[in-house]
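Here is the structure we will look at, set down as structure tokens.
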């Protein structure tokens, strides 16, 4: 079932949050982790799962129980009802969705789960649709609000409208937009949730080969409180340095880019913000030389404060900006850096 509503900001979605008296049974939260740490996006997914009511089982894909131990310890701080370590030897390398999905599907079948939730991250978007296919159910993607145990709100048309979606399958498989839900707060003490293990012979024609990681001392783009982003108007990868200089002066800021800048080779794909990149909601977003294509706005318009720098007074980004500076970025950005 679909119905349309006007756009809802992440802040409005959070203010409308509520918990339902549990018609929901068990909700599985698929945990995204790296180097023994739970990634921030999963903490937002836990909050969404809590709104469904019922019990919560955190599912940790891992090579074995020992490698999952630090993640288990961290999750105990968020008071799940249970923790399930889903093991497969191939997960000693970065998790491949084709291996994780059968483990999650098996966990759902054995636990009788009514809901499966994960963050709408690149990884979550890869895993949960496969889980839904294995369970022969539909998936609800990029939910920004939970209206009932079976009813969700998700953006359509690049965030310019919202659809209310009712899931009628026995198992609801949902990815949630992290910026639409507050992160789960640690309790400060281990809850002591029971920990069990499940494994499956997940055979697949896909295997991990390698990953090329762009190493940086900066915060992750989708977790940073301050983001400085650049567009194609920067004209070269070398010119992006003026954004890095500004980010350094602002302190602990991330640098992002529009799709046009990425496609032109000015910035790495990992820096892309937008509908086909990362969706962010920092405390401060500064966009330099970004016109504001609808696909880019979909990825950053929920930022708390938006500053736009563009010499085109008709640039669409000014329509969503809290502060706009009509200026040449090659003059304005270095001047801002100098005065900080």
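In this note's numbering, the protein residues as written are 275 to 614. Note that beta-carbon positions come from the ideal geometry of N, C-alpha and C, so glycine has one too.
Review point. Can the beta-carbon of residue 370 be found closer than 8 Å to that of residue 333?
Key: Locating residue 370 in the chain shown gives position 96, where the first residue counts as 1. Locating residue 333 in the chain shown gives position 59, where the first residue counts as 1. No.
request  = Assign residue 515 to one of two classes, buried (16 or more other C-beta atoms within 10 Å of its C-beta) or exposed (fewer than that).
outcome  = Within the chain shown, numbered from 1, the residue matching residue 515 stands at position 241. A residue is called buried once 16 or more other Cβ atoms fall within 10 Å of its Cβ, and residue 515, having fewer, is exposed.
Under the assumption that residue 417 contacts residue 428 (Cβ atoms under 8 Å), give the Cβ distance between them as a whole number of angstroms. On the chain shown, position 143 is the one that residue 417 refers to. On the chain shown, position 154 is the one that residue 428 refers to. Sure, about 5 Å apart at Cβ, within 8 Å.
Helix, strand or coil: which one does DSSP assign to residue 592? The residue you call residue 592 lines up with position 318 of the chain shown. Helix.
So for residue 280, helix, strand or coil by DSSP? Position 6 of the chain shown, counted from the first residue, corresponds to residue 280. Interpretation of residue 280 is limited by its pLDDT of 37, a score under 50 that renders its predicted location unreliable; the figure taken from the coordinates is listed afterwards. Residue state, collapsed to three classes: coil.
Under the assumption that residue 653 contacts residue 411 (Cβ atoms under 8 Å), give the Cβ distance between them as a whole number of angstroms. This structure cannot settle anything about residue 653, because the visible part of the chain is limited to 275 through 614.
| query | For residue 493, which of 521, 479, 485 has the nearest alpha-carbon? | reply | Within the chain shown, residue 493 is the residue found at index 219, counting from 1. Of the listed residues, the one whose Cα sits closest to residue 493 is 521.
Does the region 556-576 come close enough to the region 592-609 to have 3 or more Cβ pairs within less than 8 Å?
When C-beta atoms of the region 556-576 are compared with those of the region 592-609, three or more pairs fall below 8 Å, so the two segments count as touching.
Original post:
Is residue 540 helix, strand or coil when you go by DSSP?
Top reply: Translated into the one-based positions of the chain shown, residue 540 becomes position 266. It is coil, neither helix nor strand.
Looking only at its chain, what residues have a beta carbon closer than 8 Å to the beta carbon of residue 232, apart from the 5 residues adjacent to it on each side? The first residue shown for the chain is 275 and the last is 614, placing residue 232 beyond what the model contains.
*asked:* Check whether the region 556-565 and the region 494-502 touch, using three or more Cβ-Cβ pairs below 8 Å as the test.
replied: These segments touch.
message = I need the boundaries of the beta strand (DSSP E) containing residue 471, first residue and last residue.
response = Translated into positions along the chain shown, residue 471 becomes position 197. 469-473 is the span of the beta strand (DSSP E), which, as asked, contains residue 471.
- prompt: Using 8 Å as the Cβ pair cut-off and three pairs as the minimum, do the region 475-486 and the region 366-380 touch?
  reply: Under the 8 Å Cβ criterion, the region 475-486 counts as touching the region 366-380, having at least three qualifying pairs.
**Asked** Using the C-alpha atoms, what's the distance from residue 425 back to residue 434?
**Response** Locating residue 434 in the chain shown gives position 160, where the first residue counts as 1. Locating residue 425 in the chain shown gives position 151, where the first residue counts as 1. Straight-line measurement puts the Cα of residue 425 at about 20 Å from the Cα of residue 434.
Worksheet item: Closest to residue 356 by CA distance: which of 392, 408, 478, 302 is it?
Response: If you number the chain shown from 1, residue 356 lands on position 82. With respect to the C-alpha of residue 356, the residue from 392, 408, 478, 302 having the closest C-alpha is 302.
* To do: For residue 350, name the three-state secondary structure that DSSP assigns.
  => Residue numbering aside, residue 350 sits at position 76 when the chain shown is read from its first letter. Reduced to three states, the DSSP call for residue 350 is helix.
Point to revise | Inter-residue Cα distance where the pair is residue 403 and residue 447 | key: For the purposes of this step, residue 403 is identified with residue 129 of the chain shown, where counting begins at 1. For the purposes of this step, residue 447 is identified with residue 173 of the chain shown, where counting begins at 1. The straight-line gap from Cα to Cα measures roughly 8 Å.
Subject >> Residue range of the alpha helix (DSSP H) that includes residue 316 >> reply: Indexing the chain shown from 1 puts residue 316 at position 42. Where residue 316 is concerned, the enclosing alpha helix (DSSP H) stretches over 314-325.
Using a 10 Å radius around the Cβ and a threshold of 16 neighbouring Cβ atoms, would you call residue 508 buried or exposed? Taking the first residue of the chain shown as 1, we reach residue 508 at position 234. In this structure residue 508 is buried. Its beta-carbon is surrounded by 16 or more other beta-carbon atoms within 10 angstroms.
task: Can you tell me the Cβ-Cβ gap for residue 613 and residue 601, rounded? I've got them flagged as a contact below 8 Å.
output: Within the chain shown, the letter at position 339 stands for residue 613. Within the chain shown, the letter at position 327 stands for residue 601. In this structure residue 613 does not touch residue 601 by the C-beta definition: roughly 14 Å separates them, more than the 8 Å allowed.
**Asked** DSSP state of residue 479, grouped into three classes?
**Response** Translated into positions along the chain shown, residue 479 becomes position 205. Residue state, collapsed to three classes: coil.
Taking residue 590 and residue 566 to be in contact with their CB atoms under 8 Å, please state how far apart those CB atoms are, rounded to whole angstroms. What you label residue 590 is simply residue 316 of the chain shown in a count that begins at 1. What you label residue 566 is simply residue 292 of the chain shown in a count that begins at 1. Separation of the CB atoms of residue 590 and residue 566 is rounded to 4 Å, and the pair is thereby assigned contact status at 8 Å.
For this session: Provide the residue span of the beta strand (DSSP E) that contains residue 416, from first to last.
Result: Taking the first residue of the chain shown as 1, we reach residue 416 at position 142. Where residue 416 is concerned, the enclosing beta strand (DSSP E) starts and stops at 413-417.
Exposed or buried, which one is residue 431 when buried takes at least 16 other CB atoms within 10 Å? One-based indexing of the chain shown puts residue 431 at position 157. Taking all protein chains shown into account, residue 431 has fewer than 16 neighbouring C-beta atoms within 10 Å of its C-beta and is therefore exposed.
| said: Starting from residue 562, trace the beta strand (DSSP E) in both directions and tell me its first and last residue. | reply: Along the chain shown, read from residue 1 onward, the residue named residue 562 stands at position 288. Where residue 562 is concerned, the enclosing beta strand (DSSP E) stretches over 558-562.
ask   = How is the alpha helix (DSSP H) around residue 240 delimited, first residue to last?
value = For the chain, the structure presents residues 275 to 614; residue 240 sits outside this window and is missing.
>> As a quick exercise: from 541, 397, 495, pick the residue whose alpha carbon is nearest that of residue 510.
In response: Here residue 510 refers to the residue found at position 236 of the chain shown. Nearest to residue 510 by C-alpha distance, out of 541, 397, 495, is 541.
>> Quick check on residue 344: does DSSP put it in helix, strand or coil?
In response: Here residue 344 refers to the residue found at position 70 when the chain shown is read from its first residue. Judged by DSSP in its simplified three-state form, residue 344 adopts helix.
Tell me the residue span of the beta strand (DSSP E) that contains residue 555. What you label residue 555 is simply residue 281 of the chain shown in a count that begins at 1. Neither: residue 555 is in no beta strand (DSSP E) and is coded neither H nor E.
**Prompt:** Going by other Cβ atoms of all chains shown within 10 Å of its Cβ, with 16 needed for buried, is residue 374 buried or exposed?
**Reply:** In the chain shown, the residue the question calls residue 374 occupies position 100. Result: buried.
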